[in-house]
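With the first letter of the sequence shown counted as 1, position 128 gets the number 128 in UniProt numbering; the numbers rise by one all the way through. Presented below is the structure to which this report refers.
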Amino acid sequence: MKIFIKEKVKIMVAVLFLIVAAIMHTEFVLAKVNPASLPEIKNITVYDGEVRTVVKTRGNTFKDVLDSLSQPLRIHDTYWTSTEKLKDGAVLYVERSVPVTIIENDKEKIIYTTQQTVQGAVNDAGYDWRKMMPLEDGLSKVHENMKIHMVPYTARNVVREESVPAGYTMWYDSSLAPDEVVVIQEGTPERRRLEIEEFISDGKVIHESVFKVETLEAGVKGIARTGKRDGAVGWVTTMNATAYHPNDGGGDGITATGTKAGYGTVAVDPSVIPLGSKLYIPQYGEAIAADTGGAIVGHKIDLCMESYEECYQFGRRDVQVFINY
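The following block contains the structure:
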């Protein structure tokens, strides 16, 4: 009986020991995962190509962030960071490499590059830009599986004169068809001299670069009417014009906008031409729509003159009116 009791006591002690051990282990695990003991969460902005994401991490290095990306960093990919060490608010830029085929003397080789331009890619490939150049534009954007043709070249400087066609200030005219243009005043072309560096391969000019431009004769813009509103600086219409003197009707010479009337002041119907609009009238010159008049309704305007003689000489006539937007 005593032996049985001793064995029972041993078993109870063993069970008690296991319970105490389990409790201690649980407390240790809970202490280990206590949020207060974990590293702080850092918000890292990642730019992967055109995709921007914000990664939350408890990691300590940028490699931890890279390993968490949906598309891991490949062997030829590169990255750079806004800070030397990982910290909250840091920015990580991932540059993905693309395969590019370089062709030289009918031989092809594939390279992987993170460069954005053709010239950058061939520089990465080890080409000396002073001896070899791509037939493709060096500033053009690199894309996946692009083919770049490399050739040896020589360079020479040449001088060339050229004429630049005259530009035209376009004014919208609702009476014209959309594709119709009517020149009102011819422009004159610009003449200039160019100093150019030509790049030659196999006897042909493959590229050229202008490094100096000298204007020999300045051009003058012409004026034209167009039936297309896009690109027009304003609109043009035909109106019936009369002339008036600031003192007409015993007035005090003050306009409807509160300014003093004088040459360059035009009375308009505000529902047709907004007050304050800048105007150009070929037979009159530059003007401002600054006044109104009881008889000035619709497509009628009244031009202010400096003397009654000028008013009589002008009389009444149809004029083209250019109105700035």
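Note that CB positions come from ideal geometry on N, CA and C, so glycine has one too.
Short check: CB of residue i to CB of residue j, under 8 Å?
i: residue 233; j: residue 195; result: no
i: residue 236; j: residue 281; result: no
i: residue 142; j: residue 118; result: yes
i: residue 150; j: residue 100; result: no
i: residue 124; j: residue 110; result: no
i: residue 127; j: residue 200; result: no
i: residue 222; j: residue 185; result: yes
i: residue 311; j: residue 263; result: no
i: residue 190; j: residue 215; result: yes
i: residue 102; j: residue 122; result: yes
i: residue 135; j: residue 75; result: no
i: residue 302; j: residue 293; result: yes
i: residue 245; j: residue 272; result: no
Under 6 Å Cβ to Cβ from residue i, same chain only, skipping five residues before and after it: list those, please.
i: residue 290; result: 255, 257, 259, 265
i: residue 114; result: 78, 95, 97
i: residue 28; result: Reliability of the predicted coordinates at residue 28 is poor, the pLDDT of 47 falling under 50, and no value is obtained from them.
i: residue 45; result: 54, 91
i: residue 82; result: 90, 91
i: residue 275; result: 257, 289
Whole-angstrom Cβ separation of residue i and residue j, contact assumed at under 8 Å?
i: residue 296; j: residue 268; result: 6 Å
i: residue 227; j: residue 287; result: The pair is not a contact, with the Cβ atoms about 25 Å apart (cut-off 8 Å).
i: residue 277; j: residue 324; result: 6 Å
i: residue 162; j: residue 130; result: Their Cβ separation, rounded to whole angstroms, is 29 Å, which puts residue 162 and residue 130 out of contact at 8 Å.
i: residue 58; j: residue 38; result: 6 Å
i: residue 86; j: residue 42; result: 6 Å
i: residue 198; j: residue 208; result: 5 Å
i: residue 253; j: residue 243; result: Incorrect: roughly 15 Å between the Cβ atoms, too far for contact.
i: residue 172; j: residue 229; result: 5 Å
i: residue 224; j: residue 182; result: 6 Å
Might you give, ordered along the chain, the residues of its own chain that have their beta carbon closer than 8 Å to the beta carbon of residue i, omitting 5 neighbours on each side?
i: residue 309; result: none
i: residue 220; result: 166, 187, 188
i: residue 180; result: 226, 227
i: residue 202; result: 151
i: residue 211; result: 195, 196, 197
i: residue 139; result: 117, 118, 119
In terms of DSSP beta bridges, what is residue i paired with?
i: residue 305; result: Its beta-bridge partners do not exist; DSSP assigns none.
i: residue 223; result: 169, 185
i: residue 63; result: BP columns for residue 63 are empty, so no partner.
i: residue 43; result: 56
i: residue 243; result: 303
i: residue 161; result: 193
i: residue 228; result: DSSP lists no partner for residue 228.
i: residue 154; result: 200
i: residue 322; result: 236, 280
i: residue 215; result: 192
Quick one: residues in its chain with C-beta nearer than 7 Å to the C-beta of residue i, no 5 flanking neighbours on either side, listed in chain order?
i: residue 137; result: 118
i: residue 313; result: none
i: residue 30; result: Caution is warranted here: a pLDDT of 47 is assigned to residue 30, below 50, making its placement in the model unreliable, and the coordinate value is therefore given only provisionally. Counting only Cβ-Cβ distances below 7 Å, and skipping sequence neighbours, we find nothing.
i: residue 213; result: 192, 194
Does any heavy atom of the ligand COA sit closer than 7 Å to the C-beta of residue i?
i: residue 281; result: Looking for the ligand COA in the displayed structure turns up nothing, as the structure carries no ligands at all.
Within the 8 Å Cβ cut-off, does residue i reach chain B?
i: residue 235; result: No chain B appears in the structure shown, which is made up of a single protein chain.
- prompt: At which residue ranges does the segment 84 to 136 contain complete beta strand (DSSP E) runs of 3 or more residues, listed in the order of the chain?
  reply: 91 to 95, 98 to 104, 107 to 113, 132 to 134
field: Segments assigned beta strand (DSSP E), at least 3 residues, entirely inside the segment 258 to 304
entry: 265 to 267, 278 to 281, 285 to 291, 300 to 304
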